[in-house]
Every structure is written in structure tokens, then in C-alpha cells.
Amino acid sequence: MQQIGDRIYYLRKELNLSQEAFGNKIGIKKSSMSSIEKNKSNPSEQTIKFICKEFNVNYSWLVNGTGKIFLETDDALLEALAEEYGLSEIHVRMIREFLKLEDRDKDVFVKYLENVFLTNGE
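Right under this line is the structure:
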């Protein structure tokens, strides 16, 4: 039976990342990655959530081995927006990055834009 470490190893290989590069993206050291992949230690819940968020991984697949590896993305929606509004690739990238932000950071960014673009000379 496959364990979470086996799935993390498989994911890392699918992404073509070294243990060090994968670990850097989720905030853990290479030695910890090795231990997790060998099923000598289990990743924390926080680490699991970081993996899911950073690599768009299905939580159920990572934890239980069920479902698809990667989450379906809203690429079709973004492509439709880009076409309808004539958005360039940089515009689409900016929208994607905005959607990845924590709610608090989104609020700060929106407040900044309001201050810069929506002030009425007040």
C-alpha cells in the first residue's frame, strides 16, 4: 500500500524537481524531504497544505491516494476572460498570481489600487 511519502516522491519526480528545490518551495530542508519520501517521518498538516497550494495538488490524492493528482484549474475561464477583454499574457499571469495570494494580502493589494486609482482628488 502506498504511503504519503511515496506519493510525495512521485509528485516531485512528476514535477522534475530535486529534493532541495521541492523543499525550498514548501519551506523544508532536503534532509526532511528525504525522511518524508522514505516514509521515516510524516509531513505536518501545514506541509501537506503547502504542497497542495504550491503545486496545485489534490489534497485527497496526497493524503489518501484517491482522485487525480492535480486539481482542475480555471485556465479555461482565464482564457475566456483574456479573449473577451483582450488581455495579454502578463495580464493573465498577474490575475493568476493575485488569486494565489492569501486573503489578507489580496485585501492589502486592493486597498493600494483603490488609493492609487479610485481617489477623487480627496
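For the sequence shown, this note's numbering puts the final residue at 156, and the numbers step up evenly by one. No residue lacks a Cβ here, since even glycine has one placed at the ideal position from N, Cα and C.
Cα-Cα separation between residue i and residue j, rounded to whole angstroms
i, j, result
"M128", "K134", "10 Å"
"V150", "E88", "30 Å"
"D139", "E48", "30 Å"
"R41", "S66", "15 Å"
"I38", "L115", "37 Å"
"F143", "T81", "26 Å"
"N58", "Q36", "25 Å"
"E54", "S68", "9 Å"
"I62", "E131", "22 Å"
"F164", "G99", "One cannot answer for residue 164 here, as it falls past the ends of the chain, which runs 35 to 156."
Spatial neighbours of residue i in its chain, beta-carbon cut-off 8 Å, leaving aside the 5 residues before and after
i, result
"Y43", "E71"
Whole-angstrom C-beta distance between residue j and residue i, which should lie under 8 Å
i, j, result
"I103", "L51", "I103 to L51, Cβ: 14 Å. No contact."
Contacts around residue i, its chain only, beta-carbon distance under 6 Å, and the 5 residues preceding and following it disregarded
i, result
"Y93", "C86"
Residues near residue i by beta carbon distance below 7 Å, same chain, minus five either side
i, result
"G101", "N92, S94 and W95"
*Unbroken alpha helix (DSSP H) runs of length 4 or more, entirely within the stretch 85–156: which are they?*
93–98, 109–119, 123–134 and 137–151
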